[in-house]
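**Q** Residue numbers (UniProt numbering): 1 to 65. Backbone N, C-alpha and C define an ideal beta-carbon position, used for all residues, glycine too.
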């Protein structure tokens, strides 16, 4: 992202709308990165590469909550 990274964007989204359901998608799937995104408000984390069916399941689950 040119202006901010994904974690900064997540924090801004949650600041603007604390109820927003954010699914983080990244190729950076180190445990510390995943934990920080969850602590910052993401409902889940999807590591790249991923199968389309897996992402669809994550989205459907998020919308059902």
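1. Taking the alpha helix (DSSP H) that residue 54 belongs to, which residues open and close that run?
2. With distances taken from CA atoms, which of 4, 2 and 9 is nearest residue 41?
3. Using a threshold of 7 Å, state whether the C-beta atoms of residue 13 and residue 20 are closer than that.
4. Identify which residue in 56, 37 and 64 has its Cα closest to the Cα of residue 26.
5. For residue 50, is the classification buried or exposed, using 16 other Cβ atoms within 10 angstroms of its Cβ as the cut-off for buried?
**A** So, from the data block:
1. Following the DSSP letters along the chain, one finds residue 54 inside the alpha helix (DSSP H) bounded by residues 52-64.
2. Of the listed residues, the one whose Cα sits closest to residue 41 is 9.
3. Residue 20 is positioned such that its CB atom lies closer than 7 Å to that of residue 13.
4. It is 37.
5. With fewer than 16 Cβ atoms within 10 Å of its Cβ, residue 50 is classed as exposed.
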